[in-house]
Structures are given as C-alpha cells and as structure tokens.
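Trainee: This is the structure I have questions about; it appears just below.
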Amino acid sequence: MRSEVMSVSSVRLFRLALGTLLLLVGTALLVARGIAWLDLEPRMLRALEGGALCALGTALGAVPVLVIRNMPVAVADTLLGFGAGVMLAATAFSLIIPGLDAAQSIGFSPWGAGGVISAGLLFGALCLFLVDLKVSGASPEALVGNDQQPVIAARIWLFVIAIIAHNIPEGMAIGVSAGGGMPDADSLAMGIALQDVPEGLVIALVLAGAGMPRFKAFLIDAASGLVEPLAAVICAWLVNIAELLLPLGLACAAGAMLLVVTQEIIPESRSNGHHRLASLGLCVGFCLMMVMDTAMS
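Listed below in structure tokens is the structure:
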C-alpha cells in the first residue's frame, strides 16, 4: 500500500516537473517573440537577449527540484567545479582581455590599460565583497541547525538576497560586452547560461532542504535569474554613454565574478572532500568556455 502511494506521488511529481518544463519552454518562446517585437537599439537588444538566456538557464536548472529530493554530493561538487571553470574562463577571455584591448583602443598605453583594468577589477570585487558582508550569515550551512531542522525564515530570505547579488555580476558582464559591441558577447552569454543550469539546481535544492516547499523553491530560484536581463540592459545603456565605461565596466564585472568564484563557488565545491572531482569539473568547464569563446568570437 505504501509503495503504491509513493508511486502515485512520484507520477504526480513527474507530471508537475514536465508541465513546468513545457511552461518554461512556452514562456521562453513568448519572451523571444516579445523581444523581437521591441524596437530596441541593436546592442541593447543583444544585451536583453543574452540576459534572458541566462535567466532561462537558471529556471531550467531549478526544474529537477520538483522531482528529486537530494542530489549526490559528489555530483553537486562536480557541477559546482564545472560552473567555476566556466566563470573563470569567461572572466579571462571575455572580460579582462577585451577590456585591455578596449582601453588601448581609446588611447591608453599597455601600462595604462593594465592600470585601468586593475582598478576596475578591484573596485568590482570590493563592491561585491561589501554586499557579501551584509549577507554572510546566509550561507547554506547557516540555513540548517544542528538538529537538521530549518531555522527562521529570515535566514532563508537572506540567502535569496545573496543569490540575487551573485547573479548581478553575470548580467553586468553580458550588458557591458553587448553594449560595447564585443565580438564574443554571444559566447559569453551562452557560457554564463550554461553555468547557470547546475547553479540553479544546487540553489533550488538548498532552498528545498531548508524546509521551503519544492514549488516555491523553484519559483524563487527562477525569479532570482530575472535580475540578469535587467542588469544587462542597464549596463549596456551605461556603456553607450561614455567610451571609458567600456573597459571599466568589463573590469568591474570581471572583479565581481572573480570574487564569486574564489570566495563562494570553489570553496563550496571542495567542502565535502571531493577535491579531485571538483578540480576535474573546473578544468572541463574552463576548456569548454575557452573553446566557445574562441570559436564564436
């Protein structure tokens, strides 16, 4: 009898996940048609499309939380390492190197370009570091007490704020790259969207594990990705205002992404003892993003 109840419950969960997936696909098609209908400047349109792609990646990654209760820790760590590799490669090949080229193209010497990019990188990292100080109490470990029972809801919402804060640099990177007319803007957006899929799954599982209903965890995780197209459009617009904002914007986005990777993603991927799998995933992600960046630029 119990097995029959579990079977019926599993079928319902599968139908819910499938229905949600079809709804996402339909919504994506409607959004794509709506974006095409908007009469936007080409660079702004490119930024909006890239940000929307990343938001879709986050939402798709959260769908399996409707079906599975827990992901094997080794798999989660490998996926986190993969995401870290993608973001590291994007930081280097899609942000820092184009930023140096952009700085030199507006008259800076190689030393001057290096100084501008270094200043922007440190500023971007510092800004996100200050944000992280405000939400440092919202780590996944803080969401669960010693008895494995969910703690107060305020902690969960702090964690959601942290998710949104960490999605902003990705939108910044897409917006600055698209607004500046960089040739690798599309590969950068695709790489970040690819990284957002496993990241969205892990975050949704953390929220569900903290006691949040599965469907609510999915909705919040999917909604957190909406900050990416917003940040992308804003940064694309800002870059069009002043020429100097292009290298500085690329550097700020690189600094913020670098801090996220080194302070959050890499330590988390190695916190459960699966160092080799996490490192292997990082190398694969780095190589994949590097190939995408060079092949699609």
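Quick note: the sequence shown uses our numbering, first residue 31, plus one each step.
Backbone N, C-alpha and C fix where the C-beta goes; we use that ideal spot for every residue, glycine too.
Given a threshold of 16 other Cβ atoms within 10 Å of its Cβ, counted over all protein chains shown, does Ile136 qualify as buried or as exposed?
Mentor: In the sequence shown, counting from the first residue as 1, residue 136 sits at position 106. Classification of Ile136: exposed, given that the 10 Å Cβ count is below 16.
Trainee: Near Ala286, what residues of its chain come up, given a Cβ to Cβ distance below 6 angstroms and the 5 sequence neighbours on each side ignored?
Mentor: Within the sequence shown, the letter at position 256 stands for residue 286. Cβ neighbours of Ala286 beyond the five flanking positions: Gly154, Leu158 and Pro199.
Trainee: Roughly how far, in whole angstroms, is the beta-carbon of Gly91 from the beta-carbon of Glu258, given that I think they are within contact range, below 8 angstroms?
Mentor: Working through the sequence shown from its first residue, we reach residue 91 at position 61. Working through the sequence shown from its first residue, we reach residue 258 at position 228. Contact doesn't hold; Cβ gap of about 13 angstroms is too wide.
Trainee: Spell out a yes or no on whether the stretch 204-218 and the stretch 120-136 are touching, meaning 3 or more CB-CB pairs, one atom from each, closer than 8 angstroms.
Mentor: Contact between the stretch 204-218 and the stretch 120-136 is present, because at least three Cβ pairs lie under 8 angstroms.
Trainee: If you follow the alpha helix (DSSP H) that Thr88 is part of, which residue opens it and which one closes it?
Mentor: Indexing the sequence shown from 1 puts residue 88 at position 58. Its alpha helix (DSSP H) spans residues Pro72 to Ala92.
Trainee: Expressed to the nearest angstrom, what Euclidean distance is found between the alpha-carbon atoms of Ala133 and Ala203?
Mentor: Along the sequence shown, read from residue 1 onward, the residue named residue 133 stands at position 103. Along the sequence shown, read from residue 1 onward, the residue named residue 203 stands at position 173. Cα to Cα, the separation comes out at about 16 angstroms.
Trainee: Pick helix, strand or coil for Asp214, following the three-state DSSP scheme.
Mentor: Locating residue 214 in the sequence shown gives position 184, where the first residue counts as 1. Reduced to three states, the DSSP call for Asp214 is coil.
Trainee: For the alpha helix (DSSP H) holding Gly129, just list the boundary residues, first then last.
Mentor: In the sequence shown, residue 129 corresponds to position 99, counting from 1. Its alpha helix (DSSP H) spans residues Ile127 to Ser135.
Trainee: Between Val232 and Ala106, is the Cβ-Cβ spacing less than 9 angstroms?
Mentor: Numbered from 1 along the sequence shown, position 202 holds the residue referred to as residue 232. Numbered from 1 along the sequence shown, position 76 holds the residue referred to as residue 106. Contact flag set, yes.
Trainee: Pull up the distance between the alpha-carbon of Ser124 and that of Glu294, whole angstroms please.
Mentor: Along the sequence shown, read from residue 1 onward, the residue named residue 124 stands at position 94. Along the sequence shown, read from residue 1 onward, the residue named residue 294 stands at position 264. Those two C-alpha atoms are separated by around 21 angstroms.
Trainee: What is the DSSP secondary structure of Ala283, reduced to helix, strand or coil?
Mentor: Start at 1 with the first residue of the sequence shown, and residue 283 comes out as number 253. DSSP places Ala283 in helix when its eight states are reduced to three.
Trainee: According to the Cβ coordinates, are Ser299 and Leu312 closer than 9 angstroms?
Mentor: Numbered from 1 along the sequence shown, position 269 holds the residue referred to as residue 299. Numbered from 1 along the sequence shown, position 282 holds the residue referred to as residue 312. Yes, the Cβ-Cβ distance between Ser299 and Leu312 is below 9 angstroms.
Trainee: In angstroms, rounded to a whole number, what distance separates the CA positions of Leu160 and Gly115?
Mentor: Residue mapping note: residue 160 aligns to position 130 of the sequence shown, counting from 1. Residue mapping note: residue 115 aligns to position 85 of the sequence shown, counting from 1. Leu160 and Gly115: Cα-Cα distance of roughly 24 angstroms.
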